[in-house]
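**Q** In the order they appear, the protein sequences are chains R and A. Residue numbers for the first sequence follow UniProt numbering, beginning at 1 and rising by one. Residue numbers for the second sequence follow UniProt numbering, beginning at 1 and rising by one. In this text, a Cβ means the ideal position worked out from N, Cα and C, and glycines have one as well. Note that this is a predicted model, so its numbers are computed, not measured.
2 protein chains.
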Amino acid sequence: MTREVPLPETSEDAPETLLTPAEVAQLFRVDPKTVTRWAQSGKLSSIRTLGGHRRYPQSEVMRLLDAGKAQREDS
Amino acid sequence: MTREVPLPETSEDAPETLLTPAEVAQLFRVDPKTVTRWAQSGKLSSIRTLGGHRRYPQSEVMRLLDAGKAQREDS
DNA sequence: CGTGAGTCGGGTAATTTGGGGC
DNA sequence: TATGTCCAAATTACCCGACTCA
């Protein structure tokens with residue numbers, strides 16, 4: 001049973017789901033290293049764990065996936 | 001049975017909300033064990049229950065989340 | 001006072017990072 | 001310019017048994 005206390009969200013809580021580099025890489029069918037390069041070049045937002053590993057917002061990844069899937073090349 | 005949950009303090013005193021290892025882990029998309037290592041290495045402050053379990057200040061967790069943010073250059 | 005979920009510990013795989021070169 | 005691969009070091013994930021929490 002999960003704890004059910006009234007979490008007094010200090011401000012605005014965005015339960016943003018995060019994806020690991022491997023997960024994003026599989027979605028795009030590229031190497032995890034490529035995903036890292038996207039993040040480094042500012043093409044993709046990223047969050048850092050306290051150990052330095054990157055986590056990517058699922059919502060943005062999905063948006064970028066949809067942006068280029070139904071199109072033949074580019075409209 | 002009466003439960004000792006953090007009441008929404010209406011005045012002074014820092015109503016510091018404490019998060020469980022599992023909650024912090026979900027926010028960073030890491031394993032609860034990883035959060036424990038962060039606390040052990042001093043990267044994250046923690047409170048100990050009388051039984052030895054760790055609790056983490058929500059405010060600090062949120063601050064660290066924002067600190068590791070890297071947005072896209074184009075928004 | 002039981003019960004189930006969560007969190008200790010430690011150990012050992014798997015993943016990620018960063019740089020360099022193709 | 002963009003992606004894939006090799007490398008070593010660092011970080012993280014999963015395994016267990018025992019204990020704590022609600």
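Using a Cβ-Cβ cut-off of 8 Å, state whether A:Arg48 counts as contacting chain R.
**A** no
**Q** Are R:Arg54 and R:Thr36 touching if we call contact CB-CB under 8 Å?
**A** yes
**Q** For chain R, is any of its Cβ atoms less than 8 Å away from the one on A:Arg72?
**A** yes
**Q** Using a cut-off of 9 Å between C-beta atoms, extract the partners of R:Ser59 located in chain A.
**A** Per Cβ cutoff of 9 Å: no residues; R:Ser59 is ~13 Å from chain A at best.
**Q** Buried or exposed: where does R:Ala39 fall if 16 or more other Cβ atoms within 10 Å of its Cβ makes it buried?
**A** The residue is buried, with at least 16 neighbouring Cβ atoms inside 10 Å.
**Q** Answer with yes or no whether the minimum CB distance from R:Ala22 to chain A is below 8 Å.
**A** no
**Q** Could you tell me whether the Cβ atoms of A:Leu64 and A:Leu50 are closer together than 8 Å?
**A** no
**Q** For R:Pro21, count neighbouring Cβ atoms within 10 angstroms of its own Cβ and tell me buried if that reaches 16, exposed if not.
**A** Flag for R:Pro21 reads buried.
**Q** Is the separation between the beta-carbon of A:Pro57 and that of A:Leu18 shorter than 8 Å?
**A** yes
**Q** Kindly give me the distance between the Cβ atoms of A:Trp30 and A:Val61, rounded to whole angstroms, as I take these residues to be in contact under 8 Å.
**A** Per the sequence presented here, residue 30 of chain A reads as Val, with Trp not at that position. Rounded, the Cβ-Cβ distance is 12 Å, inconsistent with contact.
**Q** Using a Cβ-Cβ distance cut-off of 8 Å, determine whether R:Ala67 contacts chain A.
**A** In terms of beta-carbon proximity, R:Ala67 stays away from the interface with chain A, with every pair separated by 8 Å or more.
**Q** Does any residue of chain A have a CB that is nearer than 8 Å to the CB of R:Leu27?
**A** no
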